[in-house]
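Everything on this sheet refers to the single structure shown next.
In the numbering used here, the protein residues as written are 3 to 440.
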């Protein structure tokens with residue numbers, strides 16, 4: 003994402019080679035309910051177009067990463083910027099936009115549960131005077147784009163002072179739900195009432211708007227911070243009695259979030275798909291024989307308590323977009339080695355595999371030499387074509403799609419996106435193969 007990167011605003015301890023995750027962090031606070039605007043009609047992108055797989059981009063709002071360019075712009079200015087990014091997606095031959103609408107226990111729509119995001123007005127809880135999510139769905143569909151609503155489940159704030167949240171914020175009303183860690187605030191994933199609440203908050207958007215997908219990024223339990231512990235010992239004592247270790251209990255908490263969210267999405271909006279874009283390494287082979295030939299400083303299974311491999315193998319999610327934000331030939335995490343590993347994980351499952359691409363690195367002088375070559379990302383897509391399990395790619399992120407610093411996105415479009423984009427989510431579901439958890 004993905005992803006500073008999509009996932010980079012809140013990453014903690016990654017090894018020297020690993021990418022900080024893409025952007026997805028920020029504070030929030032509930033606000034007095036704002037009368038909801040009329041939901042967008044339940045019409046999606048036009049049917050009957052050629053299927054070409056997912057060609058997506060993440061549109062990050064945390065810390066105003068991609069949009070709006072700064073908090074406090076007038077409603078018309080914000081809308082114009084948003085439409086401009088959707089137009090950029092069309093120009094590049096994309097068909098899907100993954101729009102971050104709940105960056106930090108806040109909302110980019112008139113939510114019944116949480117406050118308006120500070121990234122709109124500059125002040126948490128202040129009505130921006132328009133409905134960004136409703137507008138995004140309508141304008142994306144008008145352009146033949148799918149719009150996936152991207153939520154961060156558990157991050158409450160990018161600071162650790164609850165007093166900085168608006169007084170009506172659920173985290174202030176329920177201080178026992180909140181764990182400070184690494185200078186930030188998080189909801190405690192081990193509390194059943196927290197898991198229910200965050201789902202209710204997210205499903206509010208799914209009920210109101212004709213979104214084509216529901217999307218989680220890579221943040222579950224927070225990225226580890228050296229010398230600090232996530233203070234959920236009391237919760238484990240209360241709820242973890244059936245588990246031999248706290249780690250196993252934490253993984254079960256995240257498994258439950260994923261399975262329950264998938265079920266609720268299908269019940270509320272059956273045509274929408276549910277996907278996750280995790281950090282690109284499940285486990286290193288040195289840790290687990292089923293892991294990848296990598297030496298990552300973070301492993302999602304062990305550090306974020308997200309068993310992403312099982313989610314794919316069991317078909318709990320409709321699609322997965324591992325963030326493979328490394329160049330071909332990187333010794334510790336070689337893109338060319340991770341592609342076949344993920345393809346093998348997806349093989350025989352019902353879960354569609356797309357690959358998260360680090361467009362934001364292209365032309366960044368702080369990145370290795372490989373990223374100064376405009377053809378690096380195009381080579382990624384060429385490699386992925388060798389594996390039929392790879393059904394598309396998603397680029398981090400919208401700002402770079404529009405700016406295209408060294409022409410890397412234009413090269414991808416010219417080399418790989420010569421035909422019309424088509425519609426990603428209208429793909430026929432592949433049957434579940436005999437492979438189950440292994």
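Quick reminder that beta carbons are idealized off the backbone N, C-alpha and C, glycines included.
Being a predicted model, the structure only gives us computed values, none of them experimental.
Contacts around residue i, its chain only, beta-carbon distance under 8 Å, and the 5 residues preceding and following it disregarded
i	result
residue 259	155, 191, 197, 200, 201, 222
residue 89	145
residue 141	84, 85, 88
residue 270	205, 208, 209
residue 139	42, 149, 211, 212, 213
Residue i: first and last residue of the uninterrupted alpha helix (DSSP H) it sits in
i	result
residue 188	Counting along the chain, residue 188 falls outside any alpha helix (DSSP H), though it belongs to the beta strand (DSSP E) covering 186-189.
residue 80	77-93
residue 251	248-270
residue 136	134-144
residue 413	410-418
residue 382	378-386
residue 400	400-405
residue 55	Note, residue 55: premise wrong, no alpha helix (DSSP H); not H, not E.
residue 240	235-241
residue 121	120-123
Buried versus exposed call for residue i [16 or more other C-beta atoms within 10 Å across all chains shown]
i	result
residue 358	buried
residue 231	exposed
residue 100	buried
residue 378	buried
residue 169	exposed
residue 178	exposed
residue 256	buried
residue 253	buried
residue 390	exposed
residue 246	exposed
residue 388	exposed
residue 175	exposed
residue 105	buried
residue 305	buried
residue 163	exposed
residue 186	buried
residue 331	exposed
residue 137	buried
residue 184	buried
residue 367	exposed
residue 415	buried
residue 244	exposed
Close Cβ partners of residue i (< 6 Å) along its chain, the five nearest in sequence each way excluded
i	result
residue 412	406
residue 363	369, 373
residue 376	408, 409, 410, 413
residue 32	Low local confidence applies: a pLDDT of 27 at residue 32 is under 50, so the model's placement there is unreliable, with the coordinate-based value given in what follows. Within the same chain, residue 32 has close Cβ partners 116, 117, 170, 171, 172.
Supposed close pair residue i, residue j - CB separation, criterion 8 Å
i	j	result
residue 302	residue 283	7 Å
residue 365	residue 320	No, residue 365 and residue 320 are not in contact; Cβ-Cβ is about 33 Å, not under 8 Å.
residue 153	residue 216	7 Å
residue 118	residue 133	The pair is not a contact, with the Cβ atoms about 10 Å apart (cut-off 8 Å).
residue 131	residue 77	4 Å
residue 189	residue 158	6 Å
residue 69	residue 400	7 Å
residue 383	residue 341	No, residue 383 and residue 341 are not in contact; Cβ-Cβ is about 10 Å, not under 8 Å.
residue 103	residue 151	5 Å
residue 220	residue 281	5 Å
residue 394	residue 58	7 Å
Bounding residues of the beta strand (DSSP E) (the contiguous stretch that carries residue i)
i	result
residue 149	148-153
residue 277	275-278
residue 102	98-104
residue 157	157-159
Cutoff 7 Å; reference residue i; Cβ partners in own chain excluding five residues on either side
i	result
residue 314	322, 347, 348, 351, 353
residue 329	337, 370, 372, 373, 378
residue 242	248, 251
residue 40	Interpretation of residue 40 is limited by its pLDDT of 32, a score under 50 that renders its predicted location unreliable; the figure taken from the coordinates is listed afterwards. The answer is none, since no qualifying residue turns up.
>> At 4 residues or longer, what runs of the alpha helix (DSSP H) sit wholly inside the segment 286-371?
In response: 310-315, 337-348
> In the segment 175-222, which residue ranges form an unbroken beta strand (DSSP E) of at least 3 residues, counting only runs that do not cross its ends?
Replying inline: 180-183, 186-189, 215-218
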